[in-house]
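Take a look at the structure set out below.
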Amino acid sequence: MNKTLTLLFLVGILISCTKEPAQLLVTSPNGTNSIDFYVSEDGTPYYFVNNNNKIVIDSSSMNFDFKNQKSLNGNLSIINSTTNTIDETWEMPWGEQREVMNHYNELKVELEETEAPNRKFNIYFRAYDDGVGFRYEFLPQQGIDSITIMDENTEFQLTEDYTTFWIPGDWDIYEHLYNTTKVSEIDAISKRDNADLAATYIPENAVNTPVTMRGADGLHLSFHEANLTDYAGMTLKVDNESLLLTSELVGSDRTGYKVKKELPFKTPWRSIQIADNASDLIESNLIVNLNEPNKLGDISWFEPKKYVGIWWEMHVGKSTWDYAGSQDMNTFTNDLKPTGKHGATTENTKRYIDFAAKNNIKGVLVEGWNTGWEHWIGFEDREGVFDFVTPYPDYNLEELNRYAKEKGVEIIMHHETSAAPRTYEQQLDTAYQLMNQLGIHSVKTGYVGKIIPKGEYHHGQWMVNHYRKVLETAAKYNVAINAHEPIKATGIRRTYPNAIAREGLRGQEFNAWSADGGNPPEHLPIVAFTRMLAGPIDFTPGVFDIDIPGKENNSVNTTLAQQLALYVVIYSPVQMACDLPENYEGQPALQFIRDVGVDWEETNVLNGEVGDYVTIARKERETGNWFVGGITDENAREITIDFDFLDDGVDYEAIVYKDAEDSHYKNNPTAINIEEIDISPGSSLTIPLAEGGGFAISLMKKHD
Ligand code: NOJ
Ligand code: CA
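This note's numbering applies: residue 66 is where the sequence shown begins, and numbers increase by one.
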């Protein structure tokens, strides 16, 4: 070939290269998952995801709409791309396991608009063996300090009409029952008008995350987000026909936009957990791995613990939070007249402290101790009402704190903000200062009701920032937060390990008063594979008086054995024994609650199917004792456990708490069999579970 021809040939190659859309690929360390990225001819960025050489997310585009700027939508070209590998292990200060492996390959794609305003924009893709994540980075723009996002349109094109376990895309609250339908049948709009919820807003046919799906061949996907920081929460809009999910950010009627940010910034991660079977979803650490390392350092001032509390008695109507027993605005004065039904009295709290001290329970939560409850639910004007330092006259804060300490128990503080975050923010420092002085290291917060100011929602950017401010301020005073009506969990506990637990689901409380009679037995076997993938849950297990006498239309729809199993199955570093002390009196099953651990070295999910059943074994840190819990839905079944996870050469004292032959969540929930048996590594055991039933096993190391 002469020189001229060679040159022509090379030019030819160059031209044909630029015509082909450039395709970039990143594969997970063991090759299971991969993400392909390309820019189409009109400059639109697309990605698709492969799992074991099968496309699980087909070509999906991503674009943004802004206020006062044209959309970022097409006309992009790749200007550079780089890859990176991380293979590290980090330690959880408390958690489901001590060591977490974080191993991924990352692809960073740098994009630029081919026409004015020539904005630059990066996308980071991470391929893990248990799923994928990606996030966007907005770069500085000339003459512009901040951008206002009206919509983020990230697509997830499904390739199958999956069986989906979903709750509606509610901008406020996650306290919904799960629905099981095909993607093509998701109808979130029909879940509006839920009288049990003090705040709820479902603007369109969207679902909240994590949303978990099961394919015909057993593949499981769960969509969520990680590291939700200074941004709006994401719901997923569903197109029933094309099986396309599109991000729908939570907005604000007050500001009219979704997100306002200074440049440059990175968005939260959009995440997809991918597993061959349901159990692996629970063992996946994708969500925490997509978060930044611990920023707080040593938090040994917080100790995982079991707790009791002045709580269930209010939910079942035995006592009240308020002291004056009146929610009439006219009597909302300092002239409080006790009604005699106030729960948080000095005397009653001492009773709970004594009970905790006797039963290896280290925390006592007290709700209704502070002034303001006379003006709570049902009032629009809740600013300035709750006071987080002033006790009611019948509650002696200092004395109780002293009494608890003397008995080796710590009071757990309670701050119901009534969804008036500005009032709470004004008092954060004083409230946490008081806790710090008293040596109280954890607080349960609450956000019942519609957010004030009007037009904001629990999952919008403004509230995301409030919840973060609470965590950061609390950390300064060595205070840990267990939030109810929280912002959804997105793995922030890795960065801020004082984010110990949260509600963010239909908790036990619904069994006490919901109009539909309580959570059906399938609720928790779904929760374990959906909400629990996001992080610790303050579900508050441990009801022994399952029928809830005095509440004709409400009961707990599980057996007693299942209530025990929940201490292992539903993870939280603070685990309540929620029933009244008198209901535990003389109950042999209480021994399991006394024994069970709350902080784990290791977790093994032994089996499970979403919505049907799940069995989890966890090894306690420090002691090395193992605990196993299994739960089922409304169907009775047998579960076989192989104990090969036990440590070799160790003798265990095993106690099995299981449903009796005639147990049933409806008509015989409290029948339970408690047996001591011999178990060693290599043993196997078949346990029958009743309808709505479960079992719990403690395996305590024998000491000579
Ligand atoms: C709702 C919480 O979920 C519940 O646990 C608490 O008792 C009430 N709010 C009062 O704060
Ligand atoms: Ca709640």
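We treat Cβ as the ideally placed atom computed from N, Cα and C, and that holds for glycine.
Residues near residue i in its chain [Cβ-Cβ closer than 8 angstroms; skip 5 each side]
i, result
"ASN466", "ILE476, LEU503, GLY504, ILE505"
"ARG487", "GLU448, ILE517, PRO518"
CA nearest to the CA of residue i, picked from the options
i, options, result
"VAL450", "ALA281, THR436, ASP459", "THR436"
"PRO638", "ASP709, ASN547, GLU574", "ASN547"
"ASP715", "ASN167, LYS766, ILE762", "Note that residue 715 corresponds to Val in the displayed sequence, not to Asp. Nearest C-alpha to VAL715: LYS766."
"ASN183", "GLY160, VAL165, SER142, ASP194", "SER142"
"LEU309", "TYR460, GLU412, ASP226, GLU617", "ASP226"
"LYS135", "THR735, THR277, MET215, SER105", "MET215"
"ILE635", "ARG659, TYR649, THR680", "THR680"
"GLU471", "GLY443, ALA422, LEU655, GLU439", "ALA422"
"PHE230", "ASP237, TYR497, GLU250", "GLU250"
"ARG686", "ASN672, GLU666, VAL693", "GLU666"
"VAL474", "ARG416, PRO734, TYR489", "ARG416"
"PHE594", "ASP195, LEU314, THR277", "THR277"
"PRO275", "VAL693, TYR239, ASP452", "TYR239"
Where residue i falls, given that 16 or more other Cβ within 10 Å makes a residue buried
i, result
"GLN207", "exposed"
"PRO458", "exposed"
"GLY572", "buried"
"GLU156", "exposed"
"PRO614", "exposed"
"ALA260", "exposed"
"SER344", "buried"
"LEU328", "exposed"
"ALA87", "exposed"
"ASP446", "exposed"
"GLU756", "buried"
"PRO205", "exposed"
"PRO358", "exposed"
"ASP709", "exposed"
"PRO653", "exposed"
"HIS768", "exposed"
"THR69", "Any answer about THR69 is weak, because its pLDDT of 41 lies below 50 and its placement is not dependable; what the coordinates show is given next. THR69 should be labelled exposed."
"THR385", "buried"
"ASN67", "With a pLDDT of 40 at ASN67, under the threshold of 50, the modelled position of this residue cannot be trusted; read the value that follows with caution. Result: exposed."
"SER307", "exposed"
9 angstroms Cβ cutoff met for residue i and residue j
i, j, result
"PHE604", "LEU570", "yes"
"THR219", "TYR322", "no"
"ILE14", "VAL529", "No answer is possible for residue 14: the residues shown for the chain start at 66 and end at 769."
"ASN8", "VAL197", "Because the chain spans 66 through 769 in this model, residue 8 falls outside it and cannot be assessed."
"VAL174", "PRO110", "yes"
"PHE771", "THR332", "Outside the displayed span of the chain (66 to 769) sits residue 771, for which this structure offers no information."
"ASN270", "ASN305", "yes"
"GLN491", "VAL454", "no"
"LYS427", "TYR468", "no"
"ASN584", "TRP366", "no"
"PRO753", "ASP727", "no"
"VAL508", "HIS479", "yes"
"SER312", "GLU217", "yes"
Own chain residues within Cβ distance below 6 angstroms of residue i, not counting five before or after
i, result
"LYS84", "Unreliable positioning characterises LYS84 in this predicted model, as indicated by a pLDDT of 42, which lies under 50. A coordinate reading is not provided."
"ARG200", "TYR189, LYS331, THR332, TRP334"
"TYR512", "THR482, ALA484, GLU550"
"ASP123", "PHE113, GLN222, THR224"
"GLN627", "ILE696, GLY758, GLY759"
"THR410", "ASP459"
"THR668", "GLU161, GLN162, ARG683"
Cross-strand partners of residue i (DSSP beta bridge)
i, result
"TRP231", "ASN244"
"ALA719", "ILE742, LEU764"
"GLU153", "ASN167"
"ASN138", "None, per the DSSP bridge assignment."
"HIS531", "Bridge partners of HIS531: none, in fact."
"GLN338", "GLY196, SER287"
"ASP210", "Looking at the DSSP assignment, ASP210 forms no beta bridge with any residue, so it has no partner."
"LEU750", "ILE706"
"ASP304", "LEU309"
"ALA566", "ASN547"
"LEU314", "MET299"
"ALA271", "LYS302"
"GLN773", "This structure leaves residue 773 out entirely; the chain is present only between 66 and 769."
"HIS479", "LYS509"
"ALA682", "ASN669, VAL693"
"ASP130", "ASP216"
Sequence-distant residues of the same chain with beta carbon closer than 7 angstroms to residue i, five excluded per side
i, result
"ILE742", "ALA719, VAL721"
"LEU72", "For LEU72, the predicted model reports a pLDDT of 40, less than 50, meaning its position is unreliable and no value from the coordinates is stated."
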